[in-house]
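Engineer: Below is a structure I'd like to ask you about.
Residue numbers (this note's numbering): 199 to 363.
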């Protein structure tokens, strides 16, 4: 399970990461919203843990921005802000779950596992058939060192045939 933890408190981040790693997760950490945005957009993740109070940008704004860009990774927002309005704001921004601090590490881990179970299995981003390599994310195909020029319709057909032999 691949988890991105966006948390500016180094001690809390260390404790959460240690607990998740103990449960078998591969944890990446970002201390700022900017770094978290980059990693959430570039990495294939199973769960994103996003703190609300971040320097430069709130977790609410980052969550909304990621959803607007089509990032579908399940998002858990652990925060000390426990007012009903804050929970509603987080969930309306696109969070899948909200956990108030302080929390038991076992509960956080259980919620992360639950969120990762809900996520559909991702199709591979690169499909290889003999010497043909199809980059699904970049919508490119190449045979050996040669890039194959394809129209959008041709690529869609190639993708369909490659994923459903």
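Note that CB positions come from ideal geometry on N, CA and C, so glycine has one too.
By Cβ distance below 6 angstroms, which residues in the same chain neighbour residue 221 in space, the five residues on each side in sequence not counted?
Structural biologist: The residue given as residue 221 occupies position 23 in the chain shown. Result list for residue 221: 307, in chain order.
Engineer: Confirm, please, whether the CB-CB distance from residue 332 to residue 357 is below 8 angstroms.
Structural biologist: Position 159 of the chain shown, counting from 1, holds the residue named residue 357. Position 134 of the chain shown, counting from 1, holds the residue named residue 332. Yes, Cβ-Cβ distance for residue 357 and residue 332 is below 8 angstroms.
Engineer: Any chance you could list the beta strand (DSSP E) runs of at least 3 consecutive residues sitting entirely within the region 270-325, in chain order?
Structural biologist: You should have 273-277 and 295-298.
Engineer: Which first and last residues belong to the alpha helix (DSSP H) in which residue 337 is found?
Structural biologist: For the purposes of this step, residue 337 is taken as residue 139 along the chain shown, with counting starting at 1. Here residue 337 belongs to no alpha helix (DSSP H), and DSSP marks it neither H nor E.
Engineer: Given this structure, state the Cα-to-Cα distance separating residue 225 from residue 237, to the nearest angstrom.
Structural biologist: Against the chain shown, residue 225 aligns to sequence position 27. Against the chain shown, residue 237 aligns to sequence position 39. Answer to the nearest angstrom: the Cα atoms are 12 angstroms apart.
Engineer: Less than 8 angstroms between the CB atoms is what I'm expecting for residue 264 and residue 235, so what's the real figure, rounded?
Structural biologist: What you label residue 264 is simply residue 66 of the chain shown in a count that begins at 1. What you label residue 235 is simply residue 37 of the chain shown in a count that begins at 1. Correct: roughly 7 angstroms between the Cβ atoms.
Engineer: Near residue 359, which residues of its chain fall below 7 angstroms by C-beta distance, leaving aside the five closest residues on each side in sequence?
Structural biologist: Here residue 359 corresponds to residue number 161 of the chain shown, with the count starting at 1. Result list for residue 359: empty, nothing under 7 angstroms.
Engineer: Taking residue 258 as the reference, which of 294, 244, 242 and 240 has the closest Cα?
Structural biologist: Within the chain shown, residue 258 is the residue found at index 60, counting from 1. Closest by alpha carbon: 294.
Engineer: For residue 216, count neighbouring C-beta atoms within 10 Å of its own C-beta (all shown protein chains included) and say buried if the count is 16 or more, exposed if not.
Structural biologist: By 1-based counting over the chain shown, the position of residue 216 is 18. Exposed is the call here.
Engineer: When you compare the CB positions of residue 329 and residue 341, do they come within less than 8 angstroms of one another, or not?
Structural biologist: The residue given as residue 329 occupies position 131 in the chain shown. The residue given as residue 341 occupies position 143 in the chain shown. In contact: residue 329 and residue 341 (Cβ atoms closer than 8 angstroms).
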